[in-house]
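Residue numbers (this note's numbering), protein chains in the order written: chain A, 87 to 195; chain B, 4 to 120.
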Amino acid sequence: GQSLEQPSEVTAVEGAIVQINCTYQTSGFYGLSWYQQHDGGAPTFLSYNALDGLEETGRFSSFLSRSDSYGYLLLQELQMKDSASYFCAPGTGANNLFFGTGTRLTVIP
Amino acid sequence: GAVVSQHPSWVICKSGTSVKIECRSLDFQATTMFWYRQFPKQSLMLMATSNEGSKATYEQGVEKDKFLINHASLTLSTLTVTSAHPEDSSFYICSATALTSGNTNRVFGPGTRLTVL
Chain A
87 GQSLEQPSEV
97 TAVEGAIVQI
107 NCTYQTSGFY
117 GLSWYQQHDG
127 GAPTFLSYNA
137 LDGLEETGRF
147 SSFLSRSDSY
157 GYLLLQELQM
167 KDSASYFCAP
177 GTGANNLFFG
187 TGTRLTVIP
Chain B
4 GAVVSQHPSW
14 VICKSGTSVK
24 IECRSLDFQA
34 TTMFWYRQFP
44 KQSLMLMATS
54 NEGSKATYEQ
64 GVEKDKFLIN
74 HASLTLSTLT
84 VTSAHPEDSS
94 FYICSATALT
104 SGNTNRVFGP
114 GTRLTVL
């Protein structure tokens, strides 16, 4: 079967750094994507790791270790607008993405 | 960048009626579109994969006769919720894969919030 683990909730202070971990188990694996979703909105693409290592996109970075079936999203210089749900989504083949329940990030002043 | 639109953005209907949701890729062609359903504070659950010119592939547990999917063109897929009931009230989101700047990205539509009374 397929499974995915992320923390359900994280709270961090504005300006701080937060790391959201993701461990997954899928029948096929075609890279790990991260999406941000604000309440009432659609998911927006943040980052994608096809290979092991770190991908950096502005304040956001994502890491993947395929051998450990593990990845994380790192958010730096947190801003209030970063309060949202964050989903890691392993690609499971045939263009499919498997979404977990997401991590709800609350940024406090 | 690549944009996916959905219409309507929200709809309220009576129990037993049918509702059609449109998903369009605005500036790219999408041979494959995906339909998701999301209940409050839960994950996106893939309902079906819509392929242009062929029958959709439904996920286990999703009734294909209740959720009718048509992908008649490379830019349009529709989801029709037939004989809707209150338990069908949810946030329906479509997505497509777009090739932008040499990378393949999954683009999501803004979603359609369905409320069945």
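Ideal Cβ placement from N, Cα and C applies to all residues, glycine included.
On a predicted model such as this, the values are computed, not experimentally measured, just so you know.
Min CB distance residue i to chain A below 8 Å
{"i": "I96/B", "result": "yes"}
{"i": "G56/B", "result": "no"}
{"i": "P11/B", "result": "no"}
Counted within 10 angstroms of its Cβ, other Cβ atoms place residue i as buried (16 or more) or exposed
{"i": "S98/B", "result": "buried"}
{"i": "V99/A", "result": "exposed"}
{"i": "Q88/A", "result": "exposed"}
{"i": "T20/B", "result": "exposed"}
{"i": "W13/B", "result": "exposed"}
Between the CA atoms of residue j and residue i - distance to the nearest angstrom
{"i": "G157/A", "j": "T189/A", "result": "14 Å"}
{"i": "V96/A", "j": "A5/B", "result": "31 Å"}
{"i": "I24/B", "j": "G114/B", "result": "9 Å"}
{"i": "K17/B", "j": "Q45/B", "result": "24 Å"}
{"i": "T187/A", "j": "L47/B", "result": "8 Å"}
{"i": "Y95/B", "j": "R40/B", "result": "5 Å"}
Any chain B beta carbon closer than 8 Å to residue i
{"i": "F185/A", "result": "yes"}
{"i": "N135/A", "result": "no"}
{"i": "F146/A", "result": "no"}
{"i": "F131/A", "result": "yes"}
Contacts of residue i in chain B (Cβ-Cβ under 9 Å)
{"i": "G87/A", "result": "Within chain B, no residue comes near G87/A; the closest Cβ sits about 12 Å away, beyond 9 Å."}
Contact list for residue i against chain B, beta-carbon separation under 8 Å
{"i": "G188/A", "result": "S46"}
Along the stretch 98–119 of chain A, where does the CB come closer than 9 Å to a CB of chain B? Name the residues.
Residues of the stretch 98–119 of chain A that bring their beta carbon within less than 9 Å of a beta carbon in chain B comprise S119, in sequence order.
Under 7 Å, CB to CB, which of the residues in the stretch 50–77 of chain B have a partner in chain A?
Within the stretch 50–77 of chain B, no residue has a Cβ that lies closer than 7 Å to any Cβ of chain A.
Please identify, using Cβ separations under 7 Å, the residues of the stretch 25–47 of chain B that lie next to chain A, in order along the chain.
When C-beta distances to chain A are compared with 7 Å, the residues of the stretch 25–47 of chain B below that value are T35, Q45, S46, L47, in chain order.
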